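One structure is given below, encoded as structure tokens.
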Amino acid sequence: MSNNNYKGINQYVINQVQYHARSLIRHPSIHGFEVEDLEQEMMLDYLLRIKSYDQKKASFNTFVDRILNHKCASIIENAKAQKRGSGMGELSLDSWLENPDGENDELPDTASENSYIHGLQIDLNMAAERMKPKLLTLMTNLRTHSMSEISRITGTPRGTLYESLHALREDLTQHGIKEYLH
């Protein structure tokens with residue numbers, strides 16, 4: 000049961016927000032969230048969008064249901080995008096690392112790293128050098144954003160982005176990355 004308090008909010012909206020939050024918390028992509036946090040995020044989205052409600056277009060219940068369904072889908076997409084981008088960090092080649100004693104050491108030896116990952120990085124860099132700028136931008140954006148987010152940021156329709164994703168996969172396949180694609 001939620002500890003959130005929504006005085007002054009329509010009871011139907013409260014019930015739907017609580018229902019969607021409980022359903023969403025069980026989704027496999029959602030980790031590290033509390034039901035109360037999800038409820039607040041959905042309620043905030045509802046409060047921001049209620050101003051655009053037009054009873055000529057849909058009933059109030061339909062409007063609320065669509066808002067909450069879209070917000071749940073957005074939360075799931077964002078969680079999946081975070082998973083895709085995890086484990087990918089950037090390291091400056093000019094930086095020095097400090098050992099536990101506080102002394103500076105040189106950067107770690109890349110030969111001791113996983114050769115599969117190292118090979119992938121080399122092959123991706125070579126493919127990126129020959130790639131069209133549009134596809135390179137898409138590949139870079141996919142590290143940290145979902146397709147919906149990229150669509151919103153760039154103003155490009157999702158259908159066009161998915162066509163570009165198909166072209167990106169073909170381009171990578173032609174440049175020797177096929178063995179890495181699943």
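Note that numbering that gives the first Met the number 0 numbers the sequence shown so that position 18 is 17, with each residue one more than the last.
A virtual CB, placed ideally from N, CA and C, is assigned to each residue, including glycine.
The structure displayed is predicted, hence computed values, not measured ones.
With fewer than 16 other Cβ atoms from the protein chains shown falling within 10 Å of its own Cβ, MET125 counts as exposed. Residue range 157-173 is occupied by the alpha helix (DSSP H) that includes HIS165. Take the alpha-carbon of ARG21 and the one of ASP36: they are about 11 Å apart. Note that the C-beta distance between ALA78 and ILE29 is below 7 Å. Following the DSSP letters along the chain, one finds GLN39 inside the alpha helix (DSSP H) bounded by residues 34-48. For THR136, the enclosing alpha helix (DSSP H) stretches over residues 132-140. Per DSSP, the continuous alpha helix (DSSP H) segment holding ALA20 begins and ends at 10-24.
Counting only residues of its own chain and dropping the five nearest sequence neighbours on each side, GLU40 has no CB closer than 6 Å to any other CB. Ranked by how close their Cα comes to the Cα of GLY31, the residues ASP53, GLN81, THR155 have GLN81 in first place.
Between MET146 and LEU160, the C-beta gap is smaller than 7 Å, which places the two residues in contact. Between LEU119 and LEU167, the C-beta spacing is not below 7 Å. With a threshold of 16 other beta carbon atoms within 10 Å, ILE116 falls short and is exposed.
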